[in-house]
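S.K.: This is the structure, below, for whatever I ask next.
Residue numbers (the numbering used here): 1 to 300.
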């Protein structure tokens, strides 16, 4: 079988155009995506970290937090939260976004070195494995690679990730990062990082050379007046998530309420005066509207 000159030319041209398209895709800017858009498009829930695996789908209150972090006009976001609201997943997505979509050096500060190691093993490792856009930038695994450890990881697109414990005096040395993520700050040692000083101040200092730096603090609060996240929240513009009443159309922050308040979570009592959990409902602060369980998905 003979290959003609025309066929050779055609094959060469196809190879050239294919290579050209690849080069163009390599240098073209990424599509403009906010963090919530990136998370809902690319993030994958791993079996090690979620009861429901597969594509991530955010709750509305998570979108506001995520998009504030990636908003160009915002430098610092402080999240004072309750437990079990999906904040760890938000933190995961911040890492994923700034590794793949906007490649940057990232620093995560956990309360202890052991916490940093655990977070790397249980959250970061499965995320890198199961999220295709992150797996693509991990490169080929090597048996011995000093650039890939539990607390330090580098990626083929130039991004890198460092994890430290707030209890490590020397953990912040020789680190320069654009994105600084402080997790569970109320669990940091009260005396700071030894002679090095306050952990949050040390971490923020690591980002001073970046004009577009991003700083996020998150924690469940402890004692009012001494809570780190409480102080950070007080120094912020104190945004809260407002929910629309499906009956009167008024927006409100959902509150627990109490026996002497006309709004909040209420429930019926049986003949013995005991609460009946299955009867719980919410009373609107504005107009006393009763929102039952089957209506709670309606507020937006």
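From the three backbone atoms N, C-alpha and C, an ideal C-beta is built for every residue, glycine too.
Using a 10 Å radius around the Cβ and a threshold of 16 neighbouring Cβ atoms, would you call residue 248 buried or exposed?
M.R.: Label assigned to residue 248: exposed.
S.K.: What's the gap between the Cα of residue 199 and the Cα of residue 287?
M.R.: Taking the straight line joining both Cα atoms gives about 46 Å.
S.K.: Starting from residue 183, trace the beta strand (DSSP E) in both directions and tell me its first and last residue.
M.R.: Unbroken beta strand (DSSP E) run through residue 183: 179 to 183.
S.K.: Taking DSSP as the reference, what is the three-state secondary structure of residue 150?
M.R.: The answer is coil: DSSP assigns residue 150 none of H, G, I, E or B.
S.K.: Got a sec? Which residues, its chain only, sit under 6 Å from residue 103 by beta carbon, not counting five neighbours each side?
M.R.: Closer than 6 Å at Cβ, skipping near neighbours: 157, 158, 159.
S.K.: Quick one: which unbroken beta strand (DSSP E) runs of 3-plus residues sit fully inside the stretch 87 to 113? Chain order, please.
M.R.: 105 to 110, all fully within the stretch 87 to 113.
S.K.: Taking only three categories from DSSP, how would you classify residue 212?
M.R.: Coil, per DSSP.
S.K.: Could you spell out the range, first to last residue, of the beta strand (DSSP E) harbouring residue 168?
M.R.: Unbroken run through residue 168: none, as it is neither H nor E.
S.K.: Assuming residue 59 contacts residue 109 under a Cβ cut-off of 8 Å, what Cβ separation, rounded to an integer in Å, is found between them?
M.R.: Incorrect: roughly 26 Å between the Cβ atoms, too far for contact.
S.K.: With DSSP as the reference, identify every bridge partner of residue 80, one or two as the case may be.
M.R.: Paired residue(s): 219.
S.K.: Taking residue 105 as the reference, give the member of 290, 271, 163 with the closest Cα.
M.R.: Considering only alpha carbons, the answer is 163.
S.K.: Leaving out five residues before and five after residue 30 in sequence, what residues of the same chain have Cβ atoms less than 6 Å from its Cβ?
M.R.: For residue 30, where only same-chain residues beyond five positions count, the Cβ hits under 6 Å are 101.
S.K.: Secondary structure at residue 242, three-state DSSP: helix, strand or coil?
M.R.: It is coil, neither helix nor strand.
S.K.: With DSSP collapsed to three states, give me the class of residue 249.
M.R.: Looking at residue 249 - three-state DSSP - the assignment turns out to be coil, as it is neither helix nor strand.
S.K.: Quick one, which of 152, 245, 84, 77 has its alpha-carbon nearest residue 94's?
M.R.: Closest option to residue 94, Cα to Cα, is 77.
S.K.: For residue 50, tell me which candidate among 153, 122, 36, 70 has the shortest Cα-Cα distance.
M.R.: Residue 50 has its Cα closest to that of 122, out of 153, 122, 36, 70.
S.K.: Quick one, which of 219, 244, 246 has its alpha-carbon nearest residue 233's?
M.R.: Nearest of 219, 244, 246 to residue 233, Cα basis: 219.
S.K.: Expressed to the nearest angstrom, what Euclidean distance is found between the alpha-carbon atoms of residue 90 and residue 74?
M.R.: Looking at the two C-alpha atoms, the distance is approximately 17 Å.
S.K.: Only counting the same chain, and skipping five residues up and downstream in sequence, which positions put a Cβ closer than 8 Å to that of residue 224?
M.R.: Excluding residues within five positions, the ones whose Cβ falls inside 8 Å are 230.
S.K.: Can you tell me the Cβ-Cβ gap for residue 88 and residue 35, rounded? I've got them flagged as a contact below 8 Å.
M.R.: About 15 Å separates the two Cβ atoms, so there is no contact after all.
S.K.: What does the Cβ neighbour count give for residue 115, buried or exposed, with the cut at 16 atoms within 10 Å?
M.R.: Residue 115 should be labelled buried.
S.K.: Can you pull the DSSP bridge partners for residue 290?
M.R.: For residue 290, which the question treats as bridged, DSSP gives the partners 283.
S.K.: In whole angstroms, what separates the C-alpha of residue 213 from that of residue 186?
M.R.: Their Cα atoms are separated by approximately 23 Å.
S.K.: Can the beta-carbon of residue 184 be found closer than 8 Å to that of residue 126?
M.R.: Not closer than 8 Å, so no.
S.K.: Please report the Cβ distance between residue 43 and residue 56, rounded to the nearest whole angstrom; I am assuming they are in contact, meaning their Cβ atoms lie under 8 Å.
M.R.: Indeed they touch by this definition, with Cβ atoms about 4 Å apart.
S.K.: Relative to the alpha-carbon of residue 236, which residue among 16, 80, 134 has its alpha-carbon at the smallest distance?
M.R.: Checking every option, the nearest Cα to that of residue 236 belongs to 80.
S.K.: Helix, strand or coil for residue 156, going by three-state DSSP, please let me know.
M.R.: Three-state result, residue 156: coil.
S.K.: How big is the Cα-Cα spacing for residue 260 and residue 217?
M.R.: Near 34 Å, if we compare the C-alpha coordinates of residue 217 and residue 260.
S.K.: CA-CA distance, residue 209 and residue 238?
M.R.: Roughly 27 Å between the two C-alpha positions.
S.K.: Since residue 134 contacts residue 96 with CB under 8 Å, what's their CB separation in whole angstroms?
M.R.: Going by Cβ atoms, the distance from residue 134 to residue 96 rounds to 6 Å, so yes, they are a contact pair.
S.K.: For residue 226, which of 173, 281, 188, 274 has the nearest alpha-carbon?
M.R.: The shortest C-alpha separation from residue 226 is found at 188.
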